[in-house]
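Q: After the structure tokens below, expect a handful of questions from me.
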Amino acid sequence: MRIKNYTPHEITIFSAEDCYYDKATRKHYLRSPEVEPLARFPSSGMLSASYKDATERVLVDGTELMLVRRTWSGVDQPPHADDDTYLIVSSLYVAAAKACGYSTAQLLTIGDPVYESPAQPRPVGCLKLVRN
Numbered sequence: 064m065r066i067k068n069y070t071p072h073e074i075t076i077f078s079a080e081d082c083y084y085d086k087a088t089r090k091h092y093l094r095s096p097e098v099e100p101l102a103r104f105p106s107s108g109m110l111s112a113s114y115k116d117a118t119e120r121v122l123v124d125g126t127e128l129m130l131v132r133r134t135w136s137g138v139d140q141p142p143h144a145d146d147d148t149y150l151i152v153s154s155l156y157v158a159a160a161k162a163c164g165y166s167t168a169q170l171l172t173i174g175d176p177v178y179e180s181p182a183q184p185r186p187v188g189c190l191k192l193v194r195n
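Note that the numbering used here numbers the sequence shown so that position 62 is 125, with each residue one more than the last.
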């Protein structure tokens, strides 16, 4: 299996043993800042989705708010990949691809984000990749 990353940033995967889950914040954190990741996937470019928004104004408890109905109108075509190549993309790209009737069999998204620490809740990677 080969994996290419079509998000604008590197995807870093950590071992579950090198992280802990905090029930209070419902987040995964690194046990130590010196933890080495299992894998890194540099960006190979970016795949985007396009949409049209229909907006309406509604009154909620005396406050006017805008509601938007988003209609996906297309997605960037991924580069030709063989059956053994999977592509990491954004969740928005997957949603748009599904709405536009494209196969998502070779699309992956991140699963279980990992943060640096409770004091520094900056995302630093994830625990797994999710098939869509």
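Note that CB positions come from ideal geometry on N, CA and C, so glycine has one too. Remember, it's a predicted structure, so these values are computed and weren't measured experimentally.
1) Which residues in the same chain have their Cβ closer than 6 Å to the Cβ of Y84, if we skip the five residues on either side of it in sequence?
2) Taking only runs of the beta strand (DSSP E) that begin and end inside the segment 128-153, which ones reach a length of at least 3 residues, in chain order?
3) Per DSSP, what kind of secondary structure is A117 in: helix, strand or coil?
4) Within the continuous beta strand (DSSP E) that includes K45, where are the two ends?
5) In angstroms, rounded to a whole number, what distance separates the CA positions of E80 and C189?
6) Using CA coordinates, which residue listed in R194, D116, C82 is at the minimum distance from V187?
7) Report the rounded CA-to-CA distance for M64 versus Y156, giving the unit in angstroms.
8) For A87, which option in K191, N195, P181, L192 has the closest C-alpha, if you only look at C-alpha atoms?
9) I'd like the list of long-range same chain contacts for K63, defined as Cβ closer than 7 Å, with 5 residues on each side in sequence excluded.
A: The structure says:
1) H91
2) 148-151
3) strand
4) In the structure displayed, the chain extends from 64 to 195; residue 45 sits before or after that span and is not available.
5) 13 Å
6) C82
7) 22 Å
8) P181
9) There is no way to answer for residue 63, as the model of the chain reaches only from 64 to 195.
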